[in-house]
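These protein sequence lines are chains A and B, in that order.
Everything in the first sequence is counted per the working numbering, starting at 501 for the first residue and increasing by one.
Everything in the second sequence is counted per the working numbering, starting at 1002 for the first residue and increasing by one.
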Amino acid sequence: MITESLRPALAVGTALLAALLILLFGNRIKPNLREAITLTAAAIMAGLIFSMVPEVLKGNVLISNLWTIADGLSLKLKTDGAGMVFACVAGGLWILTSIYSIGYVRGHHEKNQTGYFAAFAVCLASAIGIALSANLITFFIFYEMLTLATYPLVVHYRDEKAKFSGRKYLAYTLVSGQLFFVAIVFVYVKYGTCEFTPGGFIEPGSMGSGIMCILFFMMTIGGLVKAGVMPLHGWLPSAMVAPTPVSALLHAVAVVKAGVFCLLRVVCYVFGPESAYWCSGSTILCWLAAITVLLSSLVAMRQDNLKARLAFSTIGQLSYIVLGISLLSAYSIAGALFHIVAHAFLKITLFMCAGAIFVTTGLSEISAMRGLSKRMPVTCACFTAASLGIAGLPLMAGFVSKFNILEGALIMGKPFFMVVLVAAALLALTYLIPVVQIFFGRENSAATLNESHGHGGRAGIDAAPAMLIPLVITAVIAIILGCIPNAGLHLYDMAIMAAEEITGGGGVYLAK
Amino acid sequence: MNQIADHLPVLVILLPLCGTLLCPIISHFNINAGKRTVITALFLSIVCAVLQLIQVITTGEAIHYWLGGWAPPIGIEFVIDGLNGVVILLVAIISFTTALYSSPFEKLERIDRIHSAGYYSMLAFLSVGLLGLSSTGDAFNLYVFMEITAISGYGLIAVGEDKGPIASFRYLMTGTIGACMYLLGIGFLYAATGTLNMADLADRLTGLMDSPLIVMSAACLIVGFGIKMALFPLHGWQPAAHSYAHPAADPMIAGIMIKIPAYAMLRFFFCIFDEQSHVMQLFFNAIGVMAVIGILFGSLKALRYDTYNKILAYSSIGQVGYIAMGFAIGNFYGIIGAILHIVSHAFMKAGLFYTSGALKYKYGIHDINELGQVYRKMPVTSLTMVICALSMIGLPPFAGFFSKWYLALGAIEKGNYFYVAVLILSSLLGAIYFFRIMEKLFMGEKTAREKELPEKSRFELPWQMLLPLLTVVAAVILLGLFNAYIVNGVLKTTIWEVVLT
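Below is the structure:
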């Protein structure tokens, strides 16, 4: 049943309004009041999104048809299974990252906090917009908004290094965005529609397979860049100069997930599995993803900077999702969607831990963190749990999704990709477990125990509560989702629902 | 009241003309009263423009106004349809905001009675010329208004900065050639048809399109309009003129003085000539080539400069190319893109020149290297700069994105992928030079400045300067979000009925 409802639009509008309020009054009111705006907006937005979940599970679709944005096309938001999975994750995590951000920026005495929180809110508004967009032009508008809103966060420190990363980020995202733009216009002219349709609206054979393959990559390049699929990942490690909550947001919630979500929409809702397979775009995508999964793990092993190691881990894990999407079976697509959830909670935990360690002890290099567990036991425990989850150990969220993707590869009869998937999971262990070993190592390096470091660090046990509580919550959620994938918001059901919608009733869609 | 409503098309132009003539006289007695006369006249002109546009939309047909009651083709006729209704409103708004924006500048320079009166008279006269250019339905009358525009333009450029007179002289030389070319062009048309009324011309030209006279005429017109709108390679006068014009009048000169000839070009090439004919198709290809080279040339040149105005001026050469490209595409969406770009670029470029003027007014900043940390002192100016710049690059949801959208739509529909490639390349080059400015603004080191105005008021600038800045920001955002209402409500029928027939 399709109902008109303003709720999807209100969810996006709340965050935009919050950004506007923060920008206008942020410097005139007390920081506590300013942060209250963020938290209130986050709570309202999460409430709005969660309230739509039962409707979606019942099979209802809520549509906000706002107004005609260009001749023949309207600004339109709608709830479907895939979109709601992403929206729930982004909306839910905004509250936690906001609390964490407050602890981080105050603990670290960051400058330009007003601009920081405003840009953060715009990022979230765009992420929700991307999740709920009903057609390509709405999607593109939010997609470019996300690019722009992330830029001030990347250049937050405004030094030479930040400027360089900012330029790199813009170069990657704007170029790919322009190619995406042309592809959208082309699709609109050729097929007369921009509406996302489960299973796609481009018929195989409606143009030459070579041309379609080019179009496929012009459309997906926007997603590929944001998702950091090699060889288009260059911006992602550079963007690490940003404050840690930004990295957490970029790498776990908004930007990179928007990238994989863009791929999902293009592959499954514009081209559809048949055309994607027919023009051999999805096959090439599989290979790109497989190479990225393996290479990024190898690169991650060599990084001594904790954030850099996590960045390369992100690149690998996202290609897992890309691989799941481009395998084109119902299982793998459901797995990919659920990996958006699982990876979001796991990676955000890891980044929050890295940030908490940095603010509390001033350490950013892994080799200097020996024996950290005595100083920050809870943080280290959460880090360990999340690392195991990333590797895909059973009873953790990462297992559920990876197993589904694996099953998809099995059903599609692609043993090579199964090997890649298993190998990558093991490689994830090899670059994260050594970190855990160092944390729990016997020797204590001088820095971790004796000094209460600068940066306004606290001398007491573990990180400040504003940072500690969110990261414990995300870690716990990751474990709960691993044991009961359907706990709470029924994200797993929604992922399966979306996958069945795309492939037309579940099961195998394409025989090899 | 009805009496007034019947005369709206001429009132729109007559009011600024009265302002022009009265301003020197009133200024003789009271300098402020003279200034206010012009501002009031321009404001009333906006009111008339709005009323006339409403009338066109509600009745759904064009207003034909016969000056002095003389019937065309003998008398002069003003024709207001959906298309130029919008353009007239645009001119009226920018004229008014620019006049308002100018008033604080004078206090700064403490100029005398004659200069003030002269400045405001010329500003209002420029408005008369541009409004007339957009209203008239008579080819020779268009020439008169073109000269009015040019003469006031020369003056406003000459009273600008130190290099102003030279820039103005250069523009005078080139502009005169342009006007001569236009005159020759309509001379040929008159020789071929014996009429100068546009509608009449269109009727009599059917079947004549292959005649050498018409070909000559079209060639002359391209050069004439090309010079006036600074289309590559006829842009030589423009960078200096836009850089050194009076900083307060610059928004109007850069924002609309080069756009309205583009609109006139549209009238000639689509409404008078038969755009389907073989000859015209060749001319459109020529325009397309000029547009493409102009877009790339302008964007590349803009990368080279550190002077804020120079960057903006070269960027305009590129942006005018967008409009010409829309003509070259020549289908429905191409034309829509061109017209929307005339309107949106007018606001964006005027907005950027408003910020440039504000920076000169407050800190004497010309060079983008001096921009460091200005945003802390001038948040509204910086916001305007950012929004206009993002719109110029063509990022959603601002106005510039949608004109690019329609242009790309038109080009792909016609199968002309090369134009699309040029469009996105130019966007990316635009991103480079605008993000360079923004980087300096937000991340640059604070440098020593020529002057610092003592902080007298609560705001960063006098309200007369803030209002234009905010108007432009609102226009760029609203034009972006609600462009479909202009396209469907006003432009669509006019384009199908008048332009593409």
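Don't be surprised by glycine CBs; every beta carbon is placed ideally from N, CA and C.
Give the secondary structure of residue i by DSSP, where H, G and I count as helix, E and B as strand, and everything else as coil.
{"i": "W1071 of chain B", "result": "coil"}
{"i": "Y1486 of chain B", "result": "helix"}
{"i": "A671 of chain A", "result": "helix"}
{"i": "V570 of chain A", "result": "Residue identity check: residue 570 of chain A is Ala in the sequence provided, not Val. The answer is strand: DSSP assigns A570 of chain A an E or B state."}
{"i": "H1513 of chain B", "result": "The structure shown does not extend to residue 1513 of chain B, since chain B spans only 1002 to 1502, so no value can be given for it."}
{"i": "S1212 of chain B", "result": "coil"}
{"i": "K1012 of chain A", "result": "Confidence at K1012 of chain A is low in this model, with a pLDDT of 33, below 50, so the placement of that residue is unreliable and no value is reported for it."}
{"i": "L1197 of chain B", "result": "coil"}
{"i": "H1065 of chain B", "result": "strand"}
{"i": "D1275 of chain B", "result": "coil"}
{"i": "D1139 of chain B", "result": "strand"}
{"i": "E1000 of chain A", "result": "helix"}
Could you work out which residue in the options is closest to residue i when comparing CA atoms only?
{"i": "T503 of chain A", "options": "A:G559, A:K914 and A:A515", "result": "A:G559"}
{"i": "L524 of chain A", "options": "B:F1146, B:G1445 and B:L1384", "result": "B:L1384"}
{"i": "D1201 of chain B", "options": "B:L1442, B:F1141 and B:L1015", "result": "B:F1141"}
{"i": "D993 of chain A", "options": "A:T879, A:V822, A:L632 and A:V900", "result": "A:V900"}
{"i": "C882 of chain A", "options": "A:I848, A:L636 and A:H609", "result": "A:I848"}
{"i": "T974 of chain A", "options": "A:D580, A:I537 and A:L596", "result": "A:L596"}
{"i": "H843 of chain A", "options": "A:L888, A:I1002 and A:I714", "result": "A:L888"}
{"i": "D1307 of chain B", "options": "B:L1054, B:G1338 and B:E1371", "result": "B:E1371"}
{"i": "T1099 of chain B", "options": "B:L1360, B:S1128, B:T1495 and B:A1287", "result": "B:S1128"}
{"i": "G603 of chain A", "options": "A:F858, A:I641, A:L991 and A:C762", "result": "A:F858"}
{"i": "M801 of chain A", "options": "A:P745, A:E774 and A:S813", "result": "A:S813"}
{"i": "V793 of chain A", "options": "A:G781, A:M730 and A:K807", "result": "A:M730"}
{"i": "F838 of chain A", "options": "A:A978, A:P965, A:G772 and A:S709", "result": "A:A978"}
{"i": "V1499 of chain B", "options": "B:I1478, B:C1272 and B:F1328", "result": "B:C1272"}
{"i": "F1189 of chain B", "options": "B:L1222, B:L1429 and B:V1290", "result": "B:L1222"}
{"i": "E1440 of chain B", "options": "A:R667, A:A789 and A:L573", "result": "A:R667"}
{"i": "V1344 of chain B", "options": "B:H1247, B:I1425 and B:L1480", "result": "B:L1480"}
{"i": "K1350 of chain B", "options": "B:I1366, B:A1400 and B:G1331", "result": "B:A1400"}
{"i": "F917 of chain A", "options": "A:C588, A:L736, A:G734 and A:Y820", "result": "A:Y820"}
{"i": "P737 of chain A", "options": "A:G677, A:A619, A:C779 and A:Y669", "result": "A:Y669"}
Looking at chain B, is there any beta carbon in it that lies within less than 8 Å of the beta carbon of residue i?
{"i": "K558 of chain A", "result": "no"}
{"i": "F640 of chain A", "result": "yes"}
{"i": "E644 of chain A", "result": "yes"}
{"i": "K807 of chain A", "result": "no"}
{"i": "F681 of chain A", "result": "yes"}
Does any CB atom of chain A fall closer than 8 Å to the CB of residue i?
{"i": "N1198 of chain B", "result": "no"}
{"i": "A1432 of chain B", "result": "yes"}
{"i": "F1271 of chain B", "result": "no"}
{"i": "F1403 of chain B", "result": "yes"}
{"i": "W1497 of chain B", "result": "no"}
{"i": "V1488 of chain B", "result": "yes"}
{"i": "I1215 of chain B", "result": "no"}
{"i": "I1158 of chain B", "result": "no"}
{"i": "L1410 of chain B", "result": "yes"}
{"i": "F1189 of chain B", "result": "no"}
{"i": "I1369 of chain B", "result": "no"}
{"i": "I1413 of chain B", "result": "yes"}
{"i": "V1491 of chain B", "result": "no"}
Under 8 Å between C-beta atoms, does residue i make it to chain C?
{"i": "Q613 of chain A", "result": "This model lacks chain C altogether, as its protein chains are A and B."}
Using the beta-carbon of each residue, which ones in chain B are nearer than 8 Å to residue i?
{"i": "R658 of chain A", "result": "F1443 and M1444"}
Chain A partners of residue i, CB-CB under 7 Å?
{"i": "L1054 of chain B", "result": "Within chain A, no residue comes near L1054 of chain B; the closest Cβ sits about 20 Å away, beyond 7 Å."}
{"i": "A1485 of chain B", "result": "T568, I569, A570 and D571"}
{"i": "L1429 of chain B", "result": "L674, V675 and Q678"}
What in chain A is Cβ-close to residue i, meaning under 8 Å?
{"i": "L1391 of chain B", "result": "L648"}
Any heavy atom of the ligand GTP inside 7 Å of the beta-carbon of residue i?
{"i": "S709 of chain A", "result": "For the ligand GTP, the structure offers nothing, since it holds no ligand at all."}
Output, in chain order, the set of chain B residues within a Cβ distance shorter than 9 Å of residue i.
{"i": "V655 of chain A", "result": "E1440, F1443 and M1444"}
Hey, which unbroken runs of the alpha helix (DSSP H) at 4 residues or more fall wholly within the segment 787–862 of chain A? The qualifying runs are 806–827 and 830–861.
Can you check the segment 1069–1131 of chain B for any alpha helix (DSSP H) of at least 4 residues that lies completely inside it and give the ranges in chain order? Runs of the alpha helix (DSSP H) inside the segment 1069–1131 of chain B: 1083–1110.
Where are the alpha helix (DSSP H) runs, 4 residues long or more, that stay fully inside the segment 1411–1466 of chain B, in chain order? Here the runs fully enclosed are 1418–1444.
Every unbroken alpha helix (DSSP H) inside the segment 571–619 of chain A [4 residues or more]: Counting only runs of 4 or more residues that sit fully inside the segment 571–619 of chain A, the alpha helix (DSSP H) segments are 581–607, in chain order.
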